[in-house]
Amino acid sequence: MHLTPQDHLFVLTGAGISAESGLATFRGSGGLWNGYRVEQVATPEAWAADPELVWHFYSQRRRNAVSADPNAAHLALAKIEEQLGDRFYLCTQNVDDLHERAGSARIHHMHGSLFQSRCTRCNQPFPDKALYETAATLPLCDRCRAPVRPHIVWFGEIPLDMDTIYRKLDRATVLLVVGTSGSVYPAAGFVHIANQRRIHTVYVGPEEPLNREAFDEILLGTATEVLPSLLR
Ligand code: BV8
Ligand code: ZN
Numbered sequence: 001m002h003l004t005p006q007d008h009l010f011v012l013t014g015a016g017i018s019a020e021s022g023l024a025t026f027r028g029s030g031g032l033w034n035g036y037r038v039e040q041v042a043t044p045e046a047w048a049a050d051p052e053l054v055w056h057f058y059s060q061r062r063r064n065a066v067s068a069d070p071n072a073a074h075l076a077l078a079k080i081e082e083q084l085g086d087r088f089y090l091c092t093q094n095v096d097d098l099h100e101r102a103g104s105a106r107i108h109h110m111h112g113s114l115f116q117s118r119c120t121r122c123n124q125p126f127p128d129k130a131l132y133e134t135a136a137t138l139p140l141c142d143r144c145r146a147p148v149r150p151h152i153v154w155f156g157e158i159p160l161d162m163d164t165i166y167r168k169l170d171r172a173t174v175l176l177v178v179g180t181s182g183s184v185y186p187a188a189g190f191v192h193i194a195n196q197r198r199i200h201t202v203y204v205g206p207e208e209p210l211n212r213e214a215f216d217e218i219l220l221g222t223a224t225e226v227l228p229s230l231l232r
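With full-length UniProt numbering as the guide, the letters of the sequence shown map in order to residues 1 to 232.
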């Protein structure tokens, strides 16, 4: 991958970029959390059936994220963002805040964030980090008394701000995808859109993704092995 001063870089990251910071990927642990499949816990049905379980799931992941540190791959992306300015856009599927803590600012969390909650009725945001600690009683909105939920996009829900994502993808000349298995849509479909627009597509990860046939380049290696030299 070679970037020219005219290039617009669109980066998509997944759980793999946080793996070397010690955060479990979805597939690495066989997609299991305490014996549950993530697809079973990260759903509106699980929230309706057992909100305490879902809160506990996110409380644990939030605690893990708080004690993790950004790695050289997160830092390399923040550095290239500084050089490219508004010719850079980072869309992450991750709900941790390691990109922000590495310095990324032009970033969008398409699947929400561990550090946000919102009211299930009036959508009032609750940025309070303490909300995710295992609540003895599930918090209620102080405005309309409805239950507060994690600001996370669950399976079956619509990812956040898809219009902006597609607009940014439209302007891109290079799509760099890092550390994602390509198993979940619509994120796994971005590379197919890129192909239709003749955008140069690059994948970085230690194993080939499920949508490997769609990439112009596959750079096998971990995010910290590949990104710092790739984006120098
Ligand atoms: C939607 C937040 C409509 C939750 C997540 C049947 C067929 C096709 C699609 C569907 C279907 N049935 C249902 C669907 C749709 C569904 C879907 O795709 N399901 C899958 C399971 C088949 N999608 C949805 O429901 C989405 N919504 O479709 O709405 C719509 C569509 C378009 C426009 C408008 C409306 C919503 C999905 C969001 C779910 N929420 N996350 C939470 O975090 O708790 S998904 C979650 O899993 C991630 O965010 C990510 O998106 C996904 C996969 O995770 P990855 O990041 O890829 O991680 P994974 O473990 O899988 O892979 C890790 C990779 O890292 C591996 O490749 C590994 O090799 C690599 N790696 C490991 N170590 C390293 C590394 N890479 C680099 N360095 C390393 N050191
Ligand atoms: Zn409310």
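We put the CB at the ideal spot given by N, CA and C, even for glycine. Values in this document were obtained by computation on a predicted structure and should not be read as measured data.
Given residue i as reference, the closest of the options once Cα atoms are compared
i: R62; options: D96, R143 and T222; result: D96
i: R197; options: L169, L219, V178 and V184; result: L169
i: residue 252; options: A146, L219, S59 and K129; result: Outside the modelled stretch of the chain, which goes from 1 to 232, sits residue 252, for which no answer is possible.
i: L75; options: G179, S104, G22 and T134; result: S104
i: residue 297; options: E20, T222 and L131; result: The structure shown does not extend to residue 297, since the chain is modelled only from 1 through 232, so no value can be given for it.
i: G85; options: C119, Y166 and D7; result: D7
i: R106; options: I80, S229 and Q124; result: I80
i: Y36; options: L53, L227 and A48; result: L53
i: Q93; options: P228, N195 and S183; result: S183
i: T137; options: M1, D50, A24 and F26; result: D50
i: F26; options: A48, F57 and E133; result: F57
Span of the alpha helix (DSSP H) around residue i
i: Y58; result: P51 to S67
i: S117; result: Counting along the chain, S117 falls outside any alpha helix (DSSP H), though it belongs to the beta strand (DSSP E) covering G112 to C119.
i: H74; result: A72 to L84
i: V41; result: V38 to V41
i: E217; result: No alpha helix (DSSP H) contains E217, which is instead part of the beta strand (DSSP E) from E217 to L220.
i: H108; result: Where H108 is concerned, there is no enclosing alpha helix (DSSP H), although the beta strand (DSSP E) it sits in stretches over I107 to H109.
i: T224; result: A223 to L230
i: L138; result: Taken as a continuous stretch (DSSP letters only), L138 belongs to no alpha helix (DSSP H), as it is neither H nor E.
i: H99; result: L98 to A102
i: residue 253; result: This structure cannot speak to residue 253, because the chain is shown only from 1 to 232.
Span separating the alpha-carbon of residue i from that of residue j
i: S113; j: C141; result: 18 Å
i: E217; j: R149; result: 40 Å
i: R171; j: M110; result: 18 Å
i: L32; j: A15; result: 14 Å
i: T224; j: F215; result: 20 Å
i: L160; j: P5; result: 30 Å
i: L98; j: A72; result: 11 Å
i: A135; j: N34; result: 19 Å
i: Y185; j: I17; result: 18 Å
i: V204; j: C119; result: 37 Å
i: I193; j: E45; result: 31 Å
i: P139; j: A146; result: 9 Å
i: T222; j: C144; result: 46 Å
i: W47; j: Q40; result: 10 Å
i: M1; j: P228; result: 13 Å
i: C122; j: F115; result: 18 Å
Supposed contact pair residue j and residue i - C-beta distance, whole angstroms, cut 8 Å
i: C91; j: L12; result: 5 Å
i: P70; j: R101; result: 5 Å
i: F88; j: L210; result: Contact doesn't hold; Cβ gap of about 26 Å is too wide.
i: residue 286; j: F190; result: Any property of residue 286 remains undetermined from this structure, which presents the chain solely from 1 to 232.
i: S181; j: H151; result: Not a contact, Cβ separation roughly 24 Å.
i: H108; j: T164; result: 7 Å
i: G22; j: A78; result: Contact flag wrong, Cβ pair sits at about 19 Å.
Distance cut-off 8 Å: residue i Cβ against heavy atoms of the ligand ATP
i: Q124; result: The model depicted lacks the ligand ATP and carries the ligand BV8 and the ligand ZN instead.
Range of the contiguous beta strand (DSSP E) that encloses residue i
i: L90; result: F88 to T92
i: L9; result: L9 to T13
(request) Note down, one range per segment and in chain order, each beta strand (DSSP E) of at least 3 residues found wholly within the stretch 140-213. (result) 148-152, 174-178 and 200-205
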